[in-house]
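**Student:** Using our numbering, the letters of the sequence shown map in sequence onto residues 222 to 495.
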Amino acid sequence: MLKNNSLSSLANTARGFVRHIKLLIGSLFNYVDNVVYQPHLAQMENEKIYAERVHRTRLSDEDIQHITKYMCEVWDLDYRRKYFADTPIHMTLQGQVIPLIERLLNADQSVRTVANIGVNYAFADHVMAERFPDVKFIGVDFQPDLAEVNSDFDEKNLQFVSGYALDLIESGKLVSDVYFMSSAATTITNPELRHYISIFAQKARYVVFNEPIFADPYGFYNNPDVLAADRSLPVYLQKIPSTLSKMQSHLCLIHNYKAMLEAAGFEIQYYSVA
Ligand SMILES: C[S@@+](CC[C@H](N)C(=O)[O-])C[C@H]1O[C@@H](n2cnc3c(N)ncnc32)[C@H](O)[C@@H]1O
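#1: Figure out for me which residue from I418, D398 and Q423 has the closest Cα to the Cα of A406.
#2: Going by the beta-carbon positions, is the gap between R324 and H416 smaller than 8 angstroms?
#3: Rounded to whole angstroms, what is the Cα-Cα separation between N411 and S453?
#4: Would you identify the three-state DSSP class for S229, choosing helix, strand or coil?
#5: With a Cβ-Cβ cutoff of 8 angstroms, do Y385 and I310 count as a contact?
#6: Buried or exposed: where does K357 fall if 16 or more other Cβ atoms within 10 Å of its Cβ makes it buried?
#7: Count the CB pairs spanning the segment 352-367 and the segment 328-344 that are closer than 8 angstroms, and state whether there are at least three.
#8: What are the partner residues of Y457, as DSSP defines its beta bridges?
#9: Could you tell me if Y400 is buried or exposed, where buried requires 16 or more neighbouring beta carbons within 10 angstroms of its beta carbon?
#10: Measure the Cβ-Cβ separation of P455 and L472 and say whether it is below 8 angstroms.
#11: Do N431 and V318 have their CB atoms nearer than 8 angstroms?
#12: Taking the C-alpha atoms as reference points, what is the distance between N341 and I390?
#13: Select from E376, N371, K377 and D375 the residue whose C-alpha is nearest the C-alpha of S383.
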């Protein structure tokens, strides 16, 4: 009887041990899947999508139609109004550009025009237009009804132009002393962004980038400074409900803005990666 009891307790211990080992192996597989394999698949997807568009130096008419359709599709004025009413401006990404432009306008008071490429909802522009009544602020974006959707802002020195900024600048329809992008350059391919910068080098006096750095699928924030001017990293695919195809989805890149501007002959006045 005693012997049987100790045998069955030994068997129980062995079963418990096997269960622990199975759990351990399961957790290990789970860990490898979450931390290595899924991020690896996501990064491969980012690279595949980017490879299809990496040679693009400008948007095609079809691309422009897709982006315009998408921007109109996701436009939510009530959300934007509430967000900017509830959030202190310096806590918003748009708000981060204000001290950069102010610094520039205070340092060079001969600047007369500032154009925001990819303006969308011009809250920061309206703040700056109020602070600098003698400077003209121009918001540029694809939406045909851009001025209408920004009718919350009524500063006389804040205007809107609808269209593809690259076409508008190249054709001379958009002229400005300063061009800036705020959370707009991240989705632009490396050659298209360098195309913008080469046009800025001919036509602008100053250029400002206020751009986020997205984490890659492994959760790392890659340092843009290690990238060459002609090489950008696709790191994050925005999973957004949309009728658009993957080709047009928002793939966010990390660019080395400093190297790109220097390669085009710009002198860097201020640079910070935070
Ligand atoms: C993420 S939104 C940012 C909007 C705004 N600057 C802000 O900070 O709230 C990016 C904007 O860039 C515009 N955009 C996208 N691709 C672009 C391109 N190739 N050239 C110029 N603008 C572009 C989009 O239409 C969109 O309004």
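Note that the Cβ used here is the ideal one computed from N, Cα and C, for glycine as well. These figures come from a predicted structure and were not determined experimentally.
**Tutor:** Reading from the atomic positions:
#1: For A406, the nearest C-alpha among the options comes from I418.
#2: No; because the gap between Cβ atoms is not below 8 angstroms, this pair is not in contact.
#3: Rounded to whole angstroms, N411 and S453 show a C-alpha spacing of 6 angstroms.
#4: The three-state reading of DSSP puts S229 in helix, counting H, G and I together.
#5: Cβ distance not < 8 angstroms, so Y385 and I310 don't count as in contact.
#6: Note on K357: 16 or more other CB atoms within 10 angstroms of its CB, so buried under the neighbour-count rule.
#7: When Cβ pairs closer than 8 angstroms are counted between the two stretches, the segment 352-367 is seen to touch the segment 328-344, the count reaching three or more.
#8: Per the DSSP secondary-structure output, Y457 pairs in a beta bridge with C473.
#9: Label assigned to Y400: buried.
#10: Yes, Cβ-Cβ distance for P455 and L472 is below 8 angstroms.
#11: If you check the CB distance, N431 and V318 come in under 8 angstroms.
#12: In a straight line, the C-alpha of N341 is about 18 angstroms away from that of I390.
#13: Ranked by how close their Cα comes to the Cα of S383, the residues E376, N371, K377 and D375 have N371 in first place.
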